[in-house]
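Q:
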């Protein structure tokens, strides 16, 4: 197991615990900050620490592809943001822990499926790009819906977030902005980074192939004079033999 990403994962968990203590208990913005910290910081660090270990090999590649993992992430995120589930989680520490655990599991599975394709062929790496971009798209959609909703979906009245008093509508809109700026942007950046690596490797491969083809063509040009000399020598040898064979016949006719 890679120790540095694992250490970063633990530091992120400590920071999220601090946010949970400092922010208001019923604030949706607080919930969204913790949610985004889990899926775009803790989950990728945990995934990086698992790459190359037996835990990565336990993943069924044919079943849990990057695109499938993205769909699992989509269902998990949208499920827990249903108003009824959100109210249930706000009123129970156990349900909140279950919610965050499912976020961490789905996020780690997604990042592991996508980042694990970095040393694979073109098709798996492209699937990793698509998986992260799809996740960015559904995060963008949910964040926009939360921000632009004409009414609060998660309670009413006022809430306190980091000492600020916000209306339920403003708190929800701010939480949606957090999802847009952190969640959607992080998955987009991950997808673009994977795509850039893929295009770079394809360019290097194409350049190497062109160089090898040029070298082979140059060798053919260098060998051409030698082949011409060989053909000329083969052409001259039968002529000499024919000339040598016809000399006795000429002498015989002279006699």
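Numbering (the UniProt record's numbering), first residue to last: 1 to 255. Using N, Cα and C, we set each Cβ at its ideal position, and we do this for glycine too. Keep in mind the model is a prediction, meaning the values are calculated, not measured.
Work out the CA separation of residue 88 and residue 151 for me, nearest whole Å.
A: Whole-angstrom Cα-Cα distance: 19 Å.
Q: How many Å lie between residue 116 and residue 141 at the Cα?
A: Each residue's alpha carbon lies about 26 Å from the other.
Q: Does the pairing of the region 128-140 with the region 68-88 give three or more beta-carbon distances under 8 Å?
A: These segments touch.
Q: Could you tell me the distance, in whole angstroms, from the CA atom of residue 127 to the CA atom of residue 103?
A: Spanning the two alpha carbons is a distance of roughly 21 Å.
Q: In whole angstroms, what is the alpha-carbon distance linking residue 184 and residue 139?
A: Taking the straight line from one Cα to the other gives about 5 Å.
Q: Can you list, in chain order, the residues of its chain with a C-beta nearer than 6 Å to that of residue 129? Leave out the 5 residues immediately preceding and following it.
A: 191, 194 and 195.
Q: Starting from residue 145 and walking both ways along the alpha helix (DSSP H), at which residues does that stretch end?
A: Note, residue 145: alpha helix (DSSP H), 122-148.
Q: Checking 9 Å against the spacing of the C-beta atoms, do residue 110 and residue 70 come in under that value?
A: It is a contact, given that the beta carbons lie within the stated cut-off.
Q: Give the secondary structure of residue 167 by DSSP, where H, G and I count as helix, E and B as strand, and everything else as coil.
A: Strand, per DSSP.
Q: Going by DSSP in three states, residue 158 sits in which element: helix, strand or coil?
A: Residue state, collapsed to three classes: strand.
Q: Identify whether residue 256 lies in helix, strand or coil by the three-state DSSP scheme.
A: With the chain running from 1 to 255 in the structure shown, residue 256 is simply not present.
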